[in-house]
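Below is one structure, written out as structure tokens; the observations come after it.
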Amino acid sequence: QSSDVNAERVSIDAQILRSLDGSAPLMESSVFPQSLINLSPLADDSSDAFGRYVRAYYGGLMPGAPATDGMLAGEVLDGRWRGLVQVDDVLRFQADASLMLRGGTTTNDENTKPFLLARPSVRFMGSMGGGLGYFLDLSNGRRLLGAARRIARTDPTLARTTKFISEDTSFFDRYVGYVQYQTSWMRIRFGREAMQWGASPIDNFIHSLEAPLLDGLLIDVPYKRFRFSMTHSAANSLDTSGTSVTGKFIAPHRIAFEHTNWLNLAVTDMNVYWGRG
22 QSSDVNAERV SIDAQILRSL DGSAPLMESS VFPQSLINLS PLADDSSDAF GRYVRAYYGG
82 LMPGAPATDG MLAGEVLDGR WRGLVQVDDV LRFQADASLM LRGGTTTNDE NTKPFLLARP
142 SVRFMGSMGG GLGYFLDLSN GRRLLGAARR IARTDPTLAR TTKFISEDTS FFDRYVGYVQ
202 YQTSWMRIRF GREAMQWGAS PIDNFIHSLE APLLDGLLID VPYKRFRFSM THSAANSLDT
262 SGTSVTGKFI APHRIAFEHT NWLNLAVTDM NVYWGRG
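As numbered in the numbering used here, residues 22 to 298 make up the sequence shown, in order.
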């Protein structure tokens with residue numbers, strides 16, 4: 022199971038700060054989202070405010086969390102309300118629901134107009150056995166006020182929802198989800214999720230939390246002081262004229278070497294193609 026970078030950014034800030042102060046290697050914070058296994062040292066530090074937040078946020082999903090007496094519903098655990106939660110020797114499962122109301126204004130060369138969005142959602146996340154993890158965040162929202170194309174400029178996720186843009190509908194859906202298999206030296210994941218590589222602006226031009234790609238494959242292999250990462254993802258969006266672009270794919274590869282805890286060198290290439298097959 023990996024951290025939920027769509028709703029929780031505290032662990033990212035914490036890991037970057039730990040890398041900067043020398044308490045963790047730079048390589049640990051070079052690919053997000055991180056697995057909860059890698060976040061365990063942070064979450065176990067009760068003297069650290071970041072660590073206490075991460076522990077409380079993920080609760081029973083963290084390695085070493087105490088088992089529950091079957092499936093619990095509507096319980097408060099680690100100071101947070103949980104919709105459903107179960108922890109045993111094989112299964113770690115957590116489900117919750119939320120409602121988002123988001124308002125604001127959009128401005129162009131001619132005028133400023135308000136907008137308002139409402140979006141209820143449900144989220145399921147957890148793991149089975151020692152290596153299989155899963156995550157699913159489903160939502161169905163409604164545009165209560167404002168123009169779709171103008172709102173899309175304020176939300177990268179909606180900008181990549183071609184139905185929201187091209188059909189100008191009042192209702193829109195969004196999902197984030199993946200299945201993942203992980204060992205001590207390798208992680209393979211398929212699904213749709215925001216992702217970020219490296220702490221530099223150069224790497225983040227390829228994968229960014231604020232500009233997530235669509236359904237894709239991640240292969241991440243950290244081995245000692247080396248790390249190989251690659252993805253293959255869809256990049257459906259709009260071109261500069263506002264026309265929907267479909268069938269476009271991005272496949273970057275990254276090889277990193279960390280000679281010391283304060284120096285991380287990486288080489289990245291990126292293949293972009295469209296209309297094959």
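For glycine and all other residues, C-beta sits at the position ideal for the given N, C-alpha and C.
- In terms of Cβ geometry, G81 and V106 form a close pair [threshold 7 Å].
- In the three-state reduction of the DSSP assignment, P273 falls in the strand class, which pools E and B.
- DSSP lists no beta-bridge partner residue for G268.
- Of the candidates Q217, D189, P135, the residue whose Cα lies closest to the Cα of T127 is P135.
- Annotated three-state conformation of T182 is coil, per DSSP.
- For L82, there is no enclosing beta strand (DSSP E), as DSSP marks it with neither H nor E.
- With a beta-carbon spacing of about 7 Å, R144 and A116 fall inside the 8 Å limit used to define contacts.
- S67 places its beta carbon 7 Å or farther from that of S23.
- The alpha-carbon of F185 is positioned some 47 Å away from that of T281.
- Residue ranges of uninterrupted beta strand (DSSP E) with 3 or more members, entirely inside the stretch 81 to 114 and ordered along the chain, are 93 to 98, 101 to 108.
- Rounded to the nearest whole angstrom, the C-alpha separation of L238 and E131 is 42 Å.
- Setting aside the 5 residues that flank it on each side, Y155 is surrounded in the same chain by V200, each with a C-beta closer than 6 Å to its C-beta; the list follows chain order.
- Per the C-alpha coordinates, the member of R275, W295, E279, G296 positioned closest to T289 is R275.
- In the DSSP assignment, P62 falls within the unbroken alpha helix (DSSP H) covering 57 to 64.
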